[in-house]
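**Student:** Take a look at this one; I'll ask things after.
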Amino acid sequence: MMDEDKYQGPALLGFVLRVVGLTLFAYMAYATLYGPYKTTVVHLALFAAAMLFIAFLGRGRSEVPGMRAVQWGLDVVAAVAAVGSMGYLVVEYERLLNLWGSSYLTQMDVWVGFVMVAVALEAARRQSIVLALLGLAGVAYMMWGNLLPGVFAHAGMDAQRFAYIVAYTSEGLFGTGLQVAATYLFMFMMFGATLQATKTGDFIINLANAGLGRQTGGAAKGSMAASAGLGTMVGSAVGNVVATGTFTIPLMIRTGFRRHVAAAVETNTSEGAQLVPPIMGAAAFIMAQITGISYATIAVAAIIPAVLYYLSLYWVIHIEALKEGLRGMPEDEIPSAKETMKDGWHLLIAPVLLFWLLIVESYTPAYASLIALAVALLAGMARAVTRVPIRELVGQFDTGIRQAAGITALIISIGILQAAIVATGLGPRLTEIILSVSDGSLILTALLTVVAATLLGMGMPTPIAYLLLAMFAAPALITAGAPKLGAHLFLFYFAIKSGSTPPVALVAVVAAGIAKANWWRTSVTAFVHSLPGFIVAFMFLYSDALLMQGAPLQIAAAAVSAGVGVFAMAAGIQGWCGDWISWPERAALVAAAISLINPGSLTDVAGFAVVGGILAFRLVRKRGPESETRETRSPTKEI
C-alpha cells in the first residue's frame with residue numbers, strides 16, 4: 001500500500017489522490033465498455049484533468065521547509081490550472097466544437113487555451129527538460145516562424161489562431177499523443193499493475209531460471225527470458241529493470257558476472273522486451289494509430305525481429321560467460337520447473353487470453369486489456385498461493401495510475417509539436433532537409449535518424465521517443481525508399497535503445513544503481529552488447545521479408561541471413577567463433593555481418609563464406625593437438 005512517505009505529502013493528500021485515481025480507473029473502464037462520456041474531446045479532457053492533477057500533486061518534495069512550501073504552492077496552482085482549463089472545455093464543449101474558426105473565439109477562450117499550453121509545458125518540464133524545451137520551441141515557431149529565413153519560414157499566426165489550433169482541435173493537445181495515452185497506455189499499465197499484484201513477475205522469473213539456469217551463464221540467460229516475458233506487459237524499460245533486475249542482477253553477480261556486465265545484460269534484456277509481441281510495451285497500438293497499419297500485422301511483423309534481438313543477446317551472454325569461465329546457477333538456487341508450473345500455471349491464462357482477443361478476435365486494445373485485467377484478477381484470487389490482499393491490490397493499482405500520470409504529463413506536450421509540424425507545413429520541409437543532407441541515400445538517412453533518436457530519446461519513455469521520431473523522421477526514411485512498416489519499426493528500435501545510450505542513459509543508470517556499478521561503464525557495455533541487434537534493425541529498411549511480408553521461402557531466407565549476421569557481429573565484438581579468435585578474424589566477422597544487411601544480394605555470399613570459413617577453421621583447430629587455452633587466446637576484459 002502507498003504510504004505518506006511514498007507521496008512525500010500529508011496522508012490526506014495521499015488518500016485524495018488515490019480516490020481520484022481509482023475513480024478515473026472506474027470511469028475509463030466504463031468508457032471502454034460503453035463509450036466515452038459526451039464526445040471524444042470531452043473524454044480526453046476528463047482524462048487529462050485527472051492525470052495532471054495526480055502528476056502535479058503526487059510528486060516528491062524538498063525536505064527544506066521554505067522550499068517545500070514554495071513547491072506546494074506551485075503544485076496547487078498547476079493542478080488548479082489543469083483542472084480548471086480542462087473543466088472549461090468540458091462545460092463549453094458544444095460551443096467550442098461548433099466554431100467555424102479561430103476568429104470566433106472569445107477572449108476567455110484564448111486565455112484558457114494559453115493556460116492549457118502552459119500546463120502542458122510545465123507537466124513536461126517536471127518529467128523531461130528536453131521535451132519541455134522542444135515544446136517551447138514549437139510555441140515560438142508557430143508564433144514567430146515568419147521571422148525565420150529560408151526553408152524554415154512560414155506565414156506566422158496570431159494568438160487567436162495559435163490558441164484555436166493547439167487547444168481546441170485534434171491537431172494540438174488533444175491529438176495523437178493524448179489519444180494514445182487514453183486509449184492504449186492507461187489500460188495496459190493497469191493490466192501490468194494487476195500482473196505485478198498477482199506475482200506474475202515472480203512466476204516468470206522462476207520459470208525462466210528453471211529452463212535456462214543450468215546453461216553456461218545461466219543466471220544471465222534466465223534474466224533475458226524473464227525480462228522478455230514480463231517486459232512486454234510492463235511497457236517501460238525502467239519499470240522492467242526495477243521489476244526483474246532487483247532479483248536477477250544480484251543473482252548474476254553471485255554467479256560470477258562482473259557488476260557492470262550484469263547491469264548491462266539487464267539493461268538490454270529489459271529494453272528489448274518492448275519488441276516482444278503481443279503487447280510490445282503498447283508501442284504496437286501507437287504504431288497502428290499513426291501508420292494506419294492493423295495491430296495484428298504489426299504484432300506478427302515483430303516476431304522475427306524480437307527473436308533475432310534475443311538471439312543476439314543470447315550469443316553475447318554465452319560468449320561473455322565463456323570469457324569469464326562461468327557455469328550455470330548453483331543447483332540449489334534453480335527452481336523446479338514442475339513445481340513452478342504447478343503453483344503458477346493459472347497466471348498464464350490472462351496473457352494468453354489477451355493475445356487471443358487481440359490477434360484472433362480483433363478486439364480493440366483497451367477492451368481486450370480490460371477483459372484480460374479482470375481475468376488476471378480472478379485467476380490470481382482463485383488460488384491461495386497467488387491471492388493478494390485488497391489493500392495491496394489497491395496499492396498496486398495506485399502505483400500503476402501514478403506511473404500513467406507521469407507518462408501522460410510527458411505525452412500531452414507532444415500535441416504542441418504535432419501542431420507546430422502540421423499547422424506550419426514543417427513536416428514536408430523537414431523531410432526535404434534530411435534528404436538533402438543525405439543526398440537521398442537510405443543508409444545515410446537511417447544514420448541521421450539514429451542520431452535523432454538518441455537525442456530525442458534522452459531520458460524519455462520509449463512511447464514518447466517513438467512518437468517524436470514518427471513525426472520528425474519517418475517520412476524521410478519512407479521517401480528514401482524504406483518500407484513503411486520497416487521504417488517505423490526501425491525508429492521504434494532506436495527509440496528503445498536511446499534509454500541506454502550515453503550521455504543520458506536512464507535505463508542503464510537504474511540498472512547500475514541496483515548492481516552498485518559505474519553507470520557510464522554499464523551504458524558503454526550495454527551499447528557494445530547491442531551492436532549485433534543493430535544489424536537486424538538496419539535489415540528492416542532493405543527488406544520487409546523479416547517483417548513477415550512476402551513468400552515463405554523469402555521470409556525464411558531473410559531470417560537465416562539475419563541470424564548469421566547476428567552471430568557474426570556477436571562473435572566479432574566478443575572475440576569467439578567456435579574458439580577464441582584473433583583481431584583480424586574479429587574484424588572480418590564484423591565486416592561479414594555488415595555485408596549481410598541487404599538480404600538476397602551478392603554480399604550475402606561473401607558474408608556466409610567468411611563466417612563459415614572462420615567457424616570451420618576454428619572448430620577444426622580447437623580439436624587439434626595445438627588448440628590454445630582460454631588464458632592464452634581469450635580477448636581482453638576491458639569491455
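Heads up: the sequence shown runs through residues 1 to 639, numbered per my numbering.
Each residue gets a CB set at the ideal place from its N, CA and C atoms; glycine is no exception.
Check for me: the alpha helix (DSSP H) holding I464 runs from which residue to which?
**Tutor:** Within the sequence shown, the letter at position 464 stands for residue 464. Residues T462 to F472.
**Student:** Which residue or residues does DSSP assign as beta-bridge partners of W576?
**Tutor:** Translated into positions along the sequence shown, residue 576 becomes position 576. DSSP lists W580 as partners of W576.
**Student:** With a CB to CB cut of under 6 Å and the five nearest residues on each side skipped, what residues in its chain are close to A81?
**Tutor:** Here residue 81 corresponds to residue number 81 of the sequence shown, with the count starting at 1. Result list for A81: V115 and V119, in chain order.
**Student:** Helix or strand or just coil, what does DSSP make of A155?
**Tutor:** Position 155 of the sequence shown, counted from the start, is the residue given in the question as residue 155. Of the three classes helix, strand and coil, the one that applies to A155 here is coil, per DSSP.
**Student:** Using DSSP with H/G/I as helix, E/B as strand and the rest coil, what is L589?
**Tutor:** The count along the sequence shown starts at 1 and reaches residue 589 at position 589. The answer is helix: DSSP assigns L589 an H, G or I state.
**Student:** For S436, count the other beta carbons within 10 Å of its own beta carbon; 16 or more makes it buried, fewer makes it exposed. Which is it?
**Tutor:** Within the sequence shown, numbered from 1, the residue matching residue 436 stands at position 436. Classification of S436: exposed, given that the 10 Å Cβ count is below 16.
**Student:** Considering only residues of the same chain and omitting the five flanking positions on each side of V388, which have a CB-CB separation below 7 Å?
**Tutor:** For the purposes of this step, residue 388 is taken as the residue at position 388 of the sequence shown. Cβ within range, chain order: A197, T198 and G380.
**Student:** Could you tell me the boundaries of the alpha helix (DSSP H) in which Y314 lies?
**Tutor:** Counting from 1 along the sequence shown, the entry for residue 314 is found at position 314. Its alpha helix (DSSP H) spans residues I303 to E324.
**Student:** Determine the DSSP secondary structure at P475, reduced to helix, strand or coil.
**Tutor:** The residue you call residue 475 lines up with position 475 of the sequence shown. Residue state, collapsed to three classes: helix.
**Student:** Using a Cβ-Cβ cutoff of less than 6 Å, which residues in the same chain neighbour G646 once the five nearest sequence positions on both sides are dropped?
**Tutor:** Outside the shown range of the chain, which is 1 to 639, sits residue 646, and nothing can be said about it.
**Student:** Residue range of the alpha helix (DSSP H) that W519 falls in?
**Tutor:** For this step, residue 519 is matched to residue 519 along the sequence shown. Run containing W519: W519 to Y542, per the alpha helix (DSSP H) assignment.
**Student:** Report the option in H154, G222 and A132 whose CA atom is closest to the CA atom of Y141.
**Tutor:** On the sequence shown, position 141 is the one that residue 141 refers to. Comparing Cα-Cα distances from Y141 to each of H154, G222 and A132, the minimum goes to H154.
**Student:** Do the region 484–494 and the region 261–271 meet, that is, are 3 or more Cβ pairs less than 8 Å apart?
**Tutor:** no
**Student:** Within the chosen definition, does the region 273–282 reach the region 536–548 through at least 3 CB pairs nearer than 8 Å?
**Tutor:** no
**Student:** Between F492, L589, Y367 and F534, which lies nearest to L311 when the distance is taken from Cα to Cα?
**Tutor:** Taking the sequence shown and counting its residues from 1, one reaches residue 311 at position 311. Residue F534 is the option with its Cα nearest to L311.
**Student:** Rounded C-beta distance between T248 and I205? I'm assuming under 8 Å.
**Tutor:** Here residue 248 refers to the residue found at position 248 when the sequence shown is read from its first residue. Here residue 205 refers to the residue found at position 205 when the sequence shown is read from its first residue. Right, their Cβ atoms sit about 7 Å apart.
**Student:** T386 and G344 - do their beta-carbons sit closer together than 8 Å?
**Tutor:** Numbered from 1 along the sequence shown, position 344 holds the residue referred to as residue 344. Numbered from 1 along the sequence shown, position 386 holds the residue referred to as residue 386. Yes, these two residues count as a Cβ contact at 8 Å.
**Student:** Quick check: L467 and A453, are their CB atoms within less than 8 Å of each other?
**Tutor:** Translated into the one-based positions of the sequence shown, residue 467 becomes position 467. Translated into the one-based positions of the sequence shown, residue 453 becomes position 453. Contact: no.
**Student:** Less than 8 Å separating the beta-carbons of F186 and M86?
**Tutor:** For this step, residue 186 is matched to residue 186 along the sequence shown. For this step, residue 86 is matched to residue 86 along the sequence shown. No, the Cβ-Cβ distance between F186 and M86 is not below 8 Å.
**Student:** Looking only at its own chain, which residues have a Cβ that is under 8 Å from the Cβ of A562, when we skip the five neighbours before and after it?
**Tutor:** Position 562 of the sequence shown, counting from 1, holds the residue named residue 562. Within the same chain, A562 has close Cβ partners I304, L308, I535, V536, M539, L546, L596 and P599.
**Student:** Taking three-plus beta-carbon pairs below 8 Å as touching, is the region 432–452 in contact with the region 521–528?
**Tutor:** Between the region 432–452 and the region 521–528 there are fewer than three inter-stretch CB-CB distances shorter than 8 Å, so the stretches are not counted as touching.
**Student:** Taking only runs of the alpha helix (DSSP H) that begin and end inside the region 347–402, which ones reach a length of at least 4 residues, in chain order?
**Tutor:** Taking 4 residues as the minimum length, the alpha helix (DSSP H) runs contained wholly in the region 347–402 are 349–355 and 365–382, in order along the chain.
**Student:** Are the CB atoms of L173 and G415 nearer to each other than 8 Å?
**Tutor:** Within the sequence shown, residue 173 is the residue found at index 173, counting from 1. Within the sequence shown, residue 415 is the residue found at index 415, counting from 1. Yes, they are a contact pair.
**Student:** What is the rounded straight-line gap between the Cα of P532 and the Cα of M287?
**Tutor:** Within the sequence shown, the letter at position 532 stands for residue 532. Within the sequence shown, the letter at position 287 stands for residue 287. Approximately 24 Å between the Cα atoms of the pair.
**Student:** Does the beta-carbon distance from I464 to L410 come in below 8 Å?
**Tutor:** Residue numbering aside, residue 464 sits at position 464 when the sequence shown is read from its first letter. Residue numbering aside, residue 410 sits at position 410 when the sequence shown is read from its first letter. Yes, Cβ-Cβ distance for I464 and L410 is below 8 Å.
**Student:** List, from N- to C-terminal side, the alpha helix (DSSP H) runs of 4 residues or more that fit wholly inside the region 177–212.
**Tutor:** 186–197 and 200–212
**Student:** Could you tell me whether the region 360–375 touches the region 144–160, where touching means 3 or more Cβ pairs closer than 8 Å?
**Tutor:** no
**Student:** Would you please state the rounded distance, in angstroms, between the beta carbons of G664 and S413? I believe it to be under 8 Å.
**Tutor:** The chain is shown only over 1 to 639; residue 664 falls outside these bounds and no answer can be derived.
**Student:** Could you check whether the region 14–23 touches the region 45–64, counting it as contact only if at least three pairs of C-beta atoms, one from each stretch, sit closer than 8 Å?
**Tutor:** yes
**Student:** At 4 residues or longer, what runs of the alpha helix (DSSP H) sit wholly inside the region 3–61?
**Tutor:** The qualifying runs are 4–7, 11–34 and 40–57.
**Student:** Does the contact criterion of 3 or more C-beta pairs under 8 Å hold for the region 188–197 versus the region 389–405?
**Tutor:** yes
**Student:** Are the beta-carbon atoms of G272 and A302 separated by less than 8 Å?
**Tutor:** Within the sequence shown, the letter at position 272 stands for residue 272. Within the sequence shown, the letter at position 302 stands for residue 302. Not a contact, by the Cβ cut-off of 8 Å.
**Student:** Quick one: residues in its chain with C-beta nearer than 6 Å to the C-beta of K637, no 5 flanking neighbours on either side, listed in chain order?
**Tutor:** Position 637 of the sequence shown, counted from the start, is the residue given in the question as residue 637. A caution first: K637 carries a pLDDT of 45, below 50, which makes its placement in the model unreliable, though a value can still be read off. Answer for K637: no residue qualifies.
**Student:** Give every residue of the same chain whose Cβ lies closer than 8 Å to the Cβ of L99, excluding the five residues on either side of it in the sequence, and list them in chain order.
**Tutor:** Taking the sequence shown and counting its residues from 1, the one referred to as residue 99 is at position 99. L105, Y164 and Y168, listed in sequence order.
**Student:** Could you tell me the alpha carbon to alpha carbon distance between A69 and Q127, rounded to whole angstroms?
**Tutor:** Your numbering for residue 69 matches position 69 in the sequence shown. Your numbering for residue 127 matches position 127 in the sequence shown. Distance between the alpha carbons of A69 and Q127: 21 Å.
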